[in-house]
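S.K.: To start, I am sharing the structure in question, which I have written as structure tokens.
Protein chains: 2
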Amino acid sequence: MFLAIVSCKDKVNTSRANEVVSGQGHPKLILTKQGVLDIKKALGTVPIFDASLSATKAEVDAEIEEGIDVPVPKDLSGGYTHERHKRNFLMLQKAGVLFQILDNDKYAIYVRDMLMAYAKLYPTLPVHPQTRSYARGKLFWQCLNDSNWLVYTAQAYDCVYEWLSEKDRNILENDLFIPFAKFISEGNPQFFNRVHNHSTWGNVAVGMLALVIDNDELLENALIGLKVDNLKAGMKDNDGGLIQVEGQKLGFYGNLDEPFSPDGYYNEGPYYQRYAMYPFLIFAQALQNVKPELKVLEYKDGVLLKAVNALINLTDANGNFFPLNDGQKGMSYYTDALVSAVDIAYYYGGKNPELLSIAKKQNKVVLDDTGLSVAMGVKAGLELPFQKKSINLSDGKNGDEGGVGVLRSHGLELVYKYASQGSSHGHYDKLSFSLYENGNEVIQDYGLSRFVNIEQKGGGNYLKENKTWAKQTIAHNTLSVNGQNHFKGKFEIGSKHHSELYFYNDEQPNVQIISATEDNAYPGTKMLRTFALVKDGDFEKPFVIDLLKVKSLTKNQYDLPYYYLGHIMKTNFEYNSFSQLKPLGKNNGYQHLWNEALGKPTEDYTVFSWKNNNLFYTLTTTSSKADQLILARIGANDPEYNLRKDPSFILRRKDVKNTTFASVIESHGSYSPVSELALNAYSHLSSLKIILDNEDYTAIELITKSNKSKVFILSNKDNSKDKNHNIKIGDKNYNWIGAYYYR
Amino acid sequence: MFLAIVSCKDKVNTSRANEVVSGQGHPKLILTKQGVLDIKKALGTVPIFDASLSATKAEVDAEIEEGIDVPVPKDLSGGYTHERHKRNFLMLQKAGVLFQILDNDKYAIYVRDMLMAYAKLYPTLPVHPQTRSYARGKLFWQCLNDSNWLVYTAQAYDCVYEWLSEKDRNILENDLFIPFAKFISEGNPQFFNRVHNHSTWGNVAVGMLALVIDNDELLENALIGLKVDNLKAGMKDNDGGLIQVEGQKLGFYGNLDEPFSPDGYYNEGPYYQRYAMYPFLIFAQALQNVKPELKVLEYKDGVLLKAVNALINLTDANGNFFPLNDGQKGMSYYTDALVSAVDIAYYYGGKNPELLSIAKKQNKVVLDDTGLSVAMGVKAGLELPFQKKSINLSDGKNGDEGGVGVLRSHGLELVYKYASQGSSHGHYDKLSFSLYENGNEVIQDYGLSRFVNIEQKGGGNYLKENKTWAKQTIAHNTLSVNGQNHFKGKFEIGSKHHSELYFYNDEQPNVQIISATEDNAYPGTKMLRTFALVKDGDFEKPFVIDLLKVKSLTKNQYDLPYYYLGHIMKTNFEYNSFSQLKPLGKNNGYQHLWNEALGKPTEDYTVFSWKNNNLFYTLTTTSSKADQLILARIGANDPEYNLRKDPSFILRRKDVKNTTFASVIESHGSYSPVSELALNAYSHLSSLKIILDNEDYTAIELITKSNKSKVFILSNKDNSKDKNHNIKIGDKNYNWIGAYYYR
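Those protein sequence lines, which keep their order, are chains H and X. Quick note, the first sequence lines up with residues 25 to 767 if you use the numbering used here. Quick note, the second sequence lines up with residues 25 to 767 if you use the numbering used here.
And the structure:
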């Protein structure tokens, strides 16, 4: 229903008078008075900006045509009232911007009328009827979404502030905005006074409003948290996450301090970082505009701008984020949050021309000063390709809680996770990895078990299989000991520990290497896992060395899965396929794996090859006759078909204390279903052997089919770059400097 | 090893003298003297031609650099000697063309030297050591590949014919070409004297050589087959196909007559048609050049050119052939055989500008008159988009043995197979269908079980699962009765029958419809299956009506599977997932299906929805409480991991004689993992009912969620377009003209 247009001339007059009072005037938050002038001047001359503007205009015009609907809240995400309120706040923000840029009152009227409808509804609302959340909102089932609403509508309000009558402003502030901000802060300290991406939204929502209405009390709450919250120690949210940790800094600064490492890695992983970045950056931009003296973008050595760089580096060749921890696959730097992040990072971060190439792919900019400067940069042809190189990002507030490394070479990307728990969205997968080629998954990380915003699948929320499967250790490409989870699958224990970097070295483009240890996942058992991405002229493409050395006080069963994607081509071992399928175990995620087939090594190295996306892959791994080779598939005990039925190849080694898994993963050749030619369909290796394995060194030898010997040696105890090593293996001497040898 | 360059001046002289003798001179087969002059004149001015030439030159130059290798035959396809000989004949043909166009002797020398090496090797060869084939070749494991070799090398020989000395020609003809041609014809009548795509290659190979060397006896054998073959009736090949049928026409004309319907559909399906087209067309082109009086392109009302059109129409939106019968997915009109087909069809078929748009996508032309004319057409910007519309293609020599229909609307493509057996590559799947959207499979046809030319998988040949799974009725989206195959899975029986078109009507773009009957697949049981693709303003996209009426003399178990691809979203019925998996049956393909879950309808219509490629789909089907709903997955009893582990939804109805399966398949909405918005994620239907079902009529009513009623009525006995029907259902009268009603 389209509300009647109300005459508002004298209101405009009133608002003009206000300009003088505020000193700075409005808009000031994201758009600025000067910025609007610049934009108006440039209109029609900067293609990406013009296109973004006209797309926004078309979208908002269509919405205005449809009329305003502010329904009584009822649904979970995916349901009508949820999606309607979400769409409303997005439209309000856009309409506000259009009003400023296009000087057309219809947008201001739309904003005012909708906000007034909210001001009428809001005071009547009880807490949301859906009870799933630990912090129920009023418009939405959780305060998180209410906070989203305020982050956007505060911008809309800023844009029409001066146009509104004082009377209307009073109504909006007293009946809607201030009670709204108080509800998500004082009314929900368990949500607001916390270090968590949800809380960031809450802090920023309150902070944005505070800047618009110049309210110091709200701003202080936003920046450093509520002084009094009366929260009990040990409280948890509905995802099992801890609410507060003793002595934490809170508020925006607290949320900025803790989850971001000095390298800009966000502890929950890139999927949530992408989500969290928007409020961080939009509030930083607002603070930069309204309170430049706070120098928020310089805070913690410029961590917010570093975070944008980290985030882009945590994408595959297609721009999709690596789905570490809870991450939904397919989320990418094409999301609006990253459009905004790239624009802000460009504008405030020294105009890095590589960012322009991302912006060009996004083909969209934010309608403000930052977007204008990006659009002008693209127009001027200033962009350079964004070079994603190998990178190692520390985790932890001080950068000393492990990290995430990405080794890159010729289209191959190996992602290694040796980070901290990752807050409530963390998975129990220390030292796990995934492998990509040309943006396609080769050895996958499962990601989360959730169909975000698809109502049919559990209301679009986390599915129970996220806990029973996706977070479990066996669901990842890392070691499971005795069928147990890392840290017994307990968040409290996991949160106390992190893996440790042993060393990272990308100085030699032909041997890039990352190595880390984990001593706490299984008390009494220590792991050292090392990945090298090696470019060697005797191989068609770079290959991966995966060396996992395990030391334990007790005899254990070790399971090391590889979640390959694709179709099995050939193995060098015999296996029996079962005529009936049973789950591989009873709990800890094993109950979700069908045990399809069981094999035994027939050689002292095991070869497993598959085809994916018309490329061939081979995993070669050292093995003993006592090993079991399990072909498994996800999907057992999945009564609602919530899981993907993807395959796994699991190496199982029983009744040993210390052991080393040494593997090589090759990508080779290709197949064309059009020419029907299979090129280079076989591994280059004719054997793989561990030739030395003691406390100090582990050495493997690869023999190629053209009978060349390649030796890789890892110094297990001394990670120094300068150390000179000299050892004898068999009758051959090896002499080198640094933590590893390859030749 | 690169052979030394031999001086050949006087040989050239000798050959020039020959020109006069032959009257026509060489080249004459595919390239012609005039064509070469035209090409030389145009060089450098027609981009696609120039690019194709330079790609060919680069490829052949690299091969010449590598040197010639003519190894003693040993391997199956995928193995070295197989792939080497294959590459050799491809290179010979290309080198011949380059010699003609570029006038550079190095190409002639390369052709001569390699051919001489073959002339030296060939007389020493026994039959190929691999014993898999019913017709073993000498260079390759089957005569088929030997024939491929000769089709290409005859062209090469034609190109260097005049350049060669008479002595060399004599050696080549007496030691290589003529014995070669005789071996694949007289030496293998079970291969040569047959109607089969293999035999076409055999016939054409002999015919091409005959035209080059002007040998009437060979030409006659090629055109009409061997007069004497001494083959026993009932002989079969190694794929189980019958060698000969009493009274068949043989040779090239026989192969042209029988497998092609008057509409140009080839009875084995498009995958083999694509393979078969090349010899048909290349030989037609050669006959057109050398024996234009035979008017081969006008044969059977121009069936060869119609066949090219049929073939292009049997591709999805990406140009991939529908994998009817034995078809490997991914084969497309980008294959070289189709480059040649499109060029020939353009040149000889009235220069249809729509073909130019396919040629432009192929971005490649054949290096002869036909390719030149295509390249010049593209350069002149003459192309029009190739409009793939709905099409119905008759099967059978006379077009009266059923057929294949494709209904198309707004990105949706429904492929309906009601054809004849399809020769030895046929599957037992009468009245089966598949569904595509935007070139992606939605409800798949499994295709073949083979990894063509991937040696690791059974030598690249047909796997045993092709028989035990891919050909079986239950592997298809059609009705299985009592767990049995159509025609008991017997080729002899299947070959005697075909389905019958009931009617096809694409005149109304909003209701396109195809209907066919099958009375012989299960004696005593008759099926009438009708598909309508309906575009209705009350639905977001076109939807499919699938009406399968079954009449039987006996009570049966009916299984109707839908091989959906994607992830299950929601059902309206309860089902129990099994905690252990067993195969669904013991034989007839059922042994390859895991029985994952079993459900029962809770309503009188069953709703099953899934997501694929970020689009939502819903199958709604009428059901009774006694029905079983089976969730199955391919992959049981698959000890070598030869099968894809794809899912199926199977409707099972037991202990009934007559029944009707009435279903609606909708595509609706979309999901974006970037915006995380799910749009229109639910079916538009609130119910589906059969409101009338008798001998004469079947009527269904769809009620939409906006409470609109849609009625579809099929006249079961009268397919006339003009018939006036007037019936009463409930208290409502329906009056219409023609075989169906929809409103």
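We put the beta carbon where it would ideally sit given N, CA and C, even for glycine.
Establish whether the CB of K594/H and some CB of chain X are separated by less than 8 Å.
M.R.: yes
S.K.: Strictly below 7 Å CB to CB, what residues from chain X border N353/H?
M.R.: One point to set straight first is that residue 353/H is Lys, not Asn, in the sequence displayed. Under the 7 Å cutoff, chain X gives P697.
S.K.: Cα separation between A404/X and P95/H?
M.R.: 59 Å
S.K.: Between Q297/H and the rest of its own chain, which residues show a CB-CB distance below 6 Å, the 5 nearest in sequence each way excluded?
M.R.: Y290 and L335
S.K.: Is there a C-beta anywhere in chain X that falls below 8 Å from the one on A702/H?
M.R.: yes
S.K.: Helix or strand or just coil, what does DSSP make of M551/H?
M.R.: strand
S.K.: For N416/H, tell me which candidate among N128/H, D74/H and S539/H has the shortest Cα-Cα distance.
M.R.: S539/H
S.K.: What is the residue span of the beta strand (DSSP E) that L617/X lies within?
M.R.: L617/X -> beta strand (DSSP E) spans L617 to K624.
S.K.: Using 8 Å as the Cβ pair cut-off and three pairs as the minimum, do the segment 201–214 of chain X and the segment 249–263 of chain X touch?
M.R.: yes
S.K.: My understanding is that F23/H touches E378/H, with C-beta atoms under 8 Å, so please give their C-beta distance in whole angstroms.
M.R.: Residue coverage of chain H in this structure runs from 25 to 767, which leaves residue 23/H outside it and unanswerable.
S.K.: Excluding the 5 residues flanking V60/H on each side, which residues of the same chain have their C-beta closer than 8 Å to its C-beta?
M.R.: Contacts found: P51, Q124 and I125.
S.K.: Can you pull the chain H residues whose beta carbon is under 8 Å from the beta carbon of T359/X, in chain order?
M.R.: V698 and S699
S.K.: Hey, how far is the Cα of K747/X from the Cα of L280/X?
M.R.: 38 Å
S.K.: In whole angstroms, what separates the C-alpha of E664/X from that of F602/H?
M.R.: 12 Å
S.K.: So if DSSP puts V776/X in a beta bridge, which residue, or which two residues, is it bridged to?
M.R.: The structure shown has nothing for residue 776/X, since chain X only spans 25 to 767.
S.K.: Let's see if you can read the secondary structure: which residues bound the beta strand (DSSP E) around F457/H?
M.R.: Counted as a single uninterrupted DSSP element, the beta strand (DSSP E) harbouring F457/H occupies residues S456 to E461.
S.K.: Looking at chain X, is there any beta carbon in it that lies within less than 8 Å of the beta carbon of L605/H?
M.R.: Closer than 8 Å: yes.
S.K.: For chain H, find out if any of its Cβ atoms is closer than 8 Å to the Cβ of R657/X; answer yes or no.
M.R.: Yes, R657/X lies at the interface with chain H (some Cβ there is under 8 Å from its Cβ).
S.K.: With a Cβ-Cβ cutoff of 8 Å, do E620/X and R657/X count as a contact?
M.R.: yes
S.K.: Please classify T394/X as buried or exposed, where buried requires at least 16 neighbouring CB atoms within 10 angstroms.
M.R.: buried
S.K.: Just mark L703/H as buried or exposed, buried being the case when its beta carbon has 16 or more other beta carbons within 10 Å.
M.R.: exposed
S.K.: Are T497/H and Y452/H touching if we call contact CB-CB under 8 Å?
M.R.: yes
S.K.: For V505/H and D583/H, I'd like the C-alpha separation in whole angstroms.
M.R.: 6 Å
S.K.: Taking only the alpha-carbon atoms, compute the straight-line gap between D543/H and E292/H and give it to the nearest angstrom.
M.R.: 21 Å
S.K.: Would a check of beta-carbon distances place N37/X closer than 8 Å to chain H?
M.R.: Low confidence applies to N37/X: its pLDDT is 36, below 50, so where it sits in the model is not reliable enough to give any reading.
S.K.: Taking only beta-carbon positions, decide if Y665/H is within less than 8 Å of chain X.
M.R.: yes
S.K.: Taking buried to mean at least 16 other C-beta atoms within 10 Å of its own C-beta, is A686/X buried or exposed?
M.R.: buried
S.K.: Can you tell me where the alpha helix (DSSP H) holding S418/X begins and where it ends?
M.R.: Not the alpha helix (DSSP H): S418/X falls in the beta strand (DSSP E), residues I415 to S418.
S.K.: How should M355/X be labelled, buried or exposed, when 16 other C-beta atoms within 10 angstroms of its C-beta is the threshold for buried?
M.R.: buried
S.K.: What separation, rounded to the nearest whole angstrom, lies between the Cα atoms of K729/X and N194/H?
M.R.: 43 Å
S.K.: Closer than 9 Å, Cβ to Cβ, to anything on chain H: give me those residues from the segment 459–487 of chain X, in chain order.
M.R.: Of all residues in the segment 459–487 of chain X, F475, V476, N477, I478, E479, Q480, K481 and G484 have a Cβ within less than 9 Å of some Cβ in chain H.
S.K.: Determine the DSSP secondary structure at P671/H, reduced to helix, strand or coil.
M.R.: strand
S.K.: What are the boundary residues of the beta strand (DSSP E) that includes S710/H?
M.R.: Counting along the chain, the beta strand (DSSP E) containing S710/H begins and ends at L709 to D717.
S.K.: Look up L362/X in the DSSP assignment and say whether it is helix, strand or coil.
M.R.: Looking at L362/X - three-state DSSP - the assignment turns out to be helix.
S.K.: Under a three-way DSSP split, which group does Y599/H fall into?
M.R.: If DSSP states are grouped into helix, strand and coil, Y599/H belongs with the strands.
S.K.: When DSSP builds the beta bridges, which residues end up paired with T541/H?
M.R.: For T541/H, which the question treats as bridged, DSSP gives the partners E524/H and L552/H.
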